[in-house]
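Counting from 614, one number per residue, gives the positions in the sequence shown under the working numbering.
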Amino acid sequence: MKQVILRFGMLSAIAVLISDSASSQGLSKAPKAEVSTVTPKPGFFTEPSIAVNPGNPQQVVAAFQDNAHIAYSTDAGRHWQLANGIEPPNYRVSGDVSVTYDNEGRAYICYIAFDKLGTFNYWGHNSSRNGIYVRRSLDGGATWESQDVAATEQPNESAVPWEDKPYIVADTGPGPHAGNLYIGWTRWTLIDSQLLFVRSTDHGRTWSKPVEIDNIRGLPRDDNGAIEGFAGAVGPDSTLYAVWTDGSHVVFTTSHDGGVTFSHARNIIDTAPTMFTLQAVSRANGFAQIAIDPRGGAKSARLYVTWSDYRNGDVDVFCSRSADYGETWSPAVRVNNDPAHDGADQFFQWMTVDPRDGAVYVVFYDRRGDPKNRQQTVTLARSSDGGRTYQNFAWMDQPFDAQGVFMGDYNGIAALNGRVYGVWTQKPENKSSRDTVIQIGVADFNAEKLSSAPSQPAPSATTGRK
């Protein structure tokens, strides 16, 4: 672990400009696409998350493991540097990172910390002391407070539960609970899996006692039948919408009082199994995400949910939308636009909605260019018609084979003002290596609009005097 940590210092990542020609998968390139590798050397790097400051779009933070690390940008993703002092000093390992900004521009990283894993996939068996922790940055991501705060923690005793896959969400809107922070996660015990939740009303300084928000507990093994993959979105009236998966459904609940109480959790979408096996990937899942288009205000905000499953024989990415606060949901729409049943897998999706124009963005690994269904590139999908259709763009042109490496459980995406940021794990070309790198892609759909707009003649003396 020390060898990984010592590789990091402050650096400026080199951005690779992606040409505008068609990709190897036959897709158009994302407009003004750039891809930066933010890890200075390959290592055991996975499960990244990314966020953009809603009050200062120049500030972007990305987190990744192993241990917890932060890359930050102060110029809207054109250059990246690594922050110091993120990993906890009193644990051997940290990971399962997520990041967000609050309504006043503070950045937060949330992670698990532990000394050793429990039994593989049966994480509540033989687990060590562990917990979920939050660290803050008061300058947008460049420096971080030395003290992390426990959202929940388990002591160094036998048969302690295992806290897993937390995700942090901030209320950045104008509602009555603006500034609140929320974390949901899975607790593994010897007999079941539970969906737990905490909230902070003082900018992450303290956290509430954990409450259970699931209606039906899941199996104790990390597989179909367990409940995991919490994701949340906050509406303009401060309503918190949350989802997770149980292996055959997307489960949904809401809180209208700042995370104090929750509605009865219910199944909203039937899925094929959301834990699955892929060629050349050690494990994969189709965990759901939820996002909201807040432009309609409290009366007409639209919700979106994405997930992936293999109902068509190969793994596809799907999206469903709701125009009535989650009461009803549309039929599933395929986000990847290759032919159905073509034998190509698309997986590890993550979704966001640009709050300025309501465009829906989904990033995912894409194998449509490999007849053997082994190598993947990274695709960015965009919907500008309320999630009814999606245009697919190439965000990364060079396919890679992930055989022999751990790809993690998720990637990340954020968007603001037409500028989109994706973060993912990639295996370098050296096929004998078990190491990976973290890459960040940037695309600018505002630049596309400007370049495609008809030119306007400069006003002449005549037109200026009408």
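Positions of the beta carbon are idealized from the N, C-alpha and C atoms, including for glycine.
Taking the CB atoms as reference points, tell me whether Ala772 and Tyr746 lie closer together than 8 Å.
No, the pair does not count as a contact, with Cβ atoms beyond the cut-off.
If you follow the beta strand (DSSP E) that Arg1001 is in, where does it begin and where does it stop?
Counting along the chain, Arg1001 falls outside any beta strand (DSSP E), and DSSP gives it neither H nor E.
Whole angstroms is fine: what's the gap from Pro1041's alpha carbon to His790's?
Roughly 44 Å separates the two Cα atoms.
Since I believe Tyr974 is in contact with Asp983 (beta carbons under 8 Å), could you give me their beta-carbon distance rounded to a whole number of angstroms?
Actually they are not in contact, since the Cβ atoms of Asp983 and Tyr974 sit about 24 Å apart, beyond 8 Å.
Alpha carbon to alpha carbon, how far is Leu803 from Pro833? Give it in angstroms, no decimals.
If you take the alpha carbons of Pro833 and Leu803, they lie about 6 Å apart.
Between Trp920, Asn925, Asp951 and Pro670, which lies nearest to Cys932 when the distance is taken from Cα to Cα?
Ranking the options by Cα distance to Cys932, first place goes to Trp920.
Mapping the DSSP letters down to three states, classify Phe875 as helix, strand or coil.
If DSSP states are grouped into helix, strand and coil, Phe875 belongs with coil.
For Gln1085, tell me which candidate among Arg896, Gln678 and Phe865 has the shortest Cα-Cα distance.
For the chain, the structure presents residues 614 to 1079; residue 1085 sits outside this window and is missing.
Assign Gln1011 to one of two classes, buried (16 or more other C-beta atoms within 10 Å of its C-beta) or exposed (fewer than that).
The residue is exposed, with fewer than 16 neighbouring Cβ atoms inside 10 Å.
If you count every other CB in all the chains shown that lies within 10 Å of the CB of Glu770, and 16 or more means buried, which is it?
When all chains shown are included, Glu770 counts as exposed.
Classify Glu776: buried if its beta carbon has 16 or more other beta carbons within 10 angstroms, exposed otherwise.
Answer is buried; the Cβ neighbour count reaches 16.
Rounded to the nearest angstrom, what separates Phe657 and Trp736 at their Cα positions?
About 20 Å.
When DSSP labels each residue in this structure, what does Arg818 get in the three-state scheme?
In the structure shown, Arg818 sits in coil (DSSP, three-state: anything other than H, G, I, E or B).
How long is the line joining the alpha carbons of Ser913 and Asn739, rounded to whole angstroms?
Roughly 48 Å separates the two Cα atoms.
Indicate whether at least one CB of chain D lies closer than 8 Å to the CB of Ala726.
The chain inventory of the structure shown lacks chain D, comprising one protein chain alone.
DSSP three-state label for Gln1069, please.
Its pLDDT being 39, under 50, Gln1069 is placed unreliably by the model, and nothing is read from it.
On the premise that Glu766 lies in contact with Ser806, defined as a C-beta separation below 8 Å, what is that separation, rounded to the nearest angstrom?
Contact doesn't hold; Cβ gap of about 19 Å is too wide.
Report the three-state DSSP secondary structure of Arg896 (helix, strand or coil).
The answer is strand: DSSP assigns Arg896 an E or B state.
Name the residue from Pro655, Asn743 and Thr852 whose alpha carbon lies nearest to the alpha carbon of Thr785.
Comparing Cα-Cα distances from Thr785 to each of Pro655, Asn743 and Thr852, the minimum goes to Thr852.
Just the C-alpha distance for Ala643 and Ser996, rounded to the nearest angstrom, thanks.
C-alpha separation (whole angstroms): 13 Å.
Less than 8 Å between the CB atoms is what I'm expecting for Asp1022 and Asn898, so what's the real figure, rounded?
Indeed they touch by this definition, with Cβ atoms about 6 Å apart.
With DSSP as the reference, please indicate the residues paired to Ala1028 in a beta bridge.
According to DSSP, which records beta bridges pairwise, Ala1028 is partnered with Val1033.
Beta strand (DSSP E) containing Lys778: first to last residue?
From DSSP, the beta strand (DSSP E) with Lys778 extends over Trp775 to Ala783.
So, do the segment 948-967 and the segment 872-887 have three or more beta carbon pairs nearer to each other than 8 Å?
With the cut-off at 8 Å, the segment 948-967 and the segment 872-887 do not touch.
Tell me whether Ala953 sits in a helix, a strand or coil according to DSSP, three-state version.
It is coil, neither helix nor strand.
CA-CA distance, Leu640 and Pro702?
Each residue's alpha carbon lies about 45 Å from the other.
Pick out the complete beta strand (DSSP E) segments inside the segment 736-764, 3 residues or longer, and give them in chain order.
If we require 3 residues or more, the beta strand (DSSP E) runs fully inside the segment 736-764 come out as 743-750.
Are Gly1054 and Ala646 touching if we call contact CB-CB under 8 Å?
A contact, by the Cβ cut-off of 8 Å.
Considering Cα atoms alone, identify which of Pro768, Gln959 and Leu1029 is closest to Gly744.
Nearest C-alpha to Gly744: Pro768.
Could you tell me which of Tyr923, Pro787 and Pro655 sits nearest to Pro667, measuring between CA atoms?
Cα-wise, what sits closest to Pro667 is Pro787.
If you measure between the beta carbons of Val1033 and Ile1051, is that distance less than 8 Å?
Not in contact: Val1033 and Ile1051 (Cβ atoms no closer than 8 Å).
Can Thr659 and Thr1038 be called in contact, C-beta distance under 8 Å?
Yes, the pair counts as a contact, with Cβ atoms nearer than the cut-off.
Starting from Val651 and walking both ways along the beta strand (DSSP E), at which residues does that stretch end?
Per DSSP, Val651 belongs to no beta strand (DSSP E) and is neither H nor E.
By how many angstroms is the C-alpha of Ala1027 removed from the C-alpha of Pro907?
Their Cα atoms are separated by approximately 15 Å.
Considering only the beta carbon of each residue, do Ser943 and Leu916 sit closer than 8 Å?
Contact: no.
Could you give the DSSP three-state label for Arg915: helix, strand or coil?
Reduced to three states, the DSSP call for Arg915 is strand.
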